[in-house]
Amino acid sequence: MRDVNNLFLRNCQTSKTTEENQNARYNPINIQMLSQGLHHQIFGNKPDFILDDKTLMEVISHLKQHNLWQAKASTLPDVDFKLPKLHNSNIIEHFNHIATEQLKDYKMLLLDLVNSELPPIPKNWKFHRGWMQYDSSGKSQSVDFPEESALVFDVEVCMKEGNFPTIATAVSKKHWYLWCSERLTEDQIKNGFQELLVGHNVAFDRAFVKEQYFLEQTKTAFLDTMSLHMCVSGLTGMQRAMSLASKKKKSTSDESENSSRLVIH
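Numbering (the working numbering), first residue to last: 36 to 300.
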């Protein structure tokens, strides 16, 4: 705003060549400026900046080089209306006031952060999916997200795999944070230690385990207690009832089909 005021509203003159533009204001290089009424509302009573002759001649010389000096331009009608009331005396103070009101709380958080001493960088980072929080002693714990009022934050992306976050770090006055994408840690899950999962009719439960759909086989084995029971004692009570119901349904269906054939013949 200061540059606008200095460069374009300096040493403004009023042209009175015709009744139509008698109130028009021009600067030393004949560019029409804001009307007197708008200028006063926007810039208050701030005096116009007087351009020295040397600078004025340099400006005119530059315009001549581009065939812009004394180019003909129509005079725009005078515009004079009541603007909304400004905070303080001019437009610069007005926007300074708005910016201060909007940013004062964030400014306090920023000053608090930059004036604080950050905790030491952890010597050992845990390769764990999601957010891990580290205190000044290096002790870590898994958290849903950093619950901090101010953070320094950075994200890295593996562009070859797509525009998705891969790893992120953050630091506050009290804690360091590390976030790892699940894609970085899933290999540890797939190719990690051997494990055994025991369940009754475990094939049903296994269908809901994500790792079982990976293309690369995991080291997880499943033991089905229902299958073990069948090896020792045959069908369970529930299986026997279901088997009898199935046979009865099939027998009824066969009888119905035979009856239909007799009717046709």
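We put the CB at the ideal spot given by N, CA and C, even for glycine.
Residue state for Val237 is assigned as helix, using DSSP reduced to three classes.
In this structure, Ala59 places its C-beta atom within 8 Å of the C-beta atom of Asp113. Under the three-state reduction of DSSP, Ile133 is assigned to helix. Taking C-beta atoms as the reference points, Ala256 and Leu231 count as a pair closer than 8 Å.
With fewer than 16 other Cβ atoms from the protein chains shown falling within 10 Å of its own Cβ, Ala238 counts as exposed. Taking C-alpha positions only, Phe188 is separated from Ala205 by approximately 4 Å. Exclusion of the five residues before and after Asn198 leaves Val192 as the residues of its chain whose Cβ lies within less than 8 Å of its Cβ. The residue among Met277, Asn236, Thr90 with its C-alpha nearest the C-alpha of Thr260 is Asn236.
By the C-beta criterion, the region 128-147 is judged not to be in contact with the region 163-180, since fewer than 3 inter-stretch pairs fall below 8 Å. In this structure, Leu138 keeps its C-beta atom at 8 Å or more from the C-beta atom of Ala185. Going by beta carbons, Ser207 and Glu183 fall inside the 8 Å limit. DSSP places Gln247 within a helical segment (H, G or I) once states are collapsed to three. The C-alpha of Trp211 lies about 23 Å from the C-alpha of Asp140. In the structure shown, Met68 adopts coil according to DSSP, grouped into three states. Just measuring C-alpha positions, the residue of Pro82, Tyr169, Val233 sitting nearest Lys161 is Tyr169.
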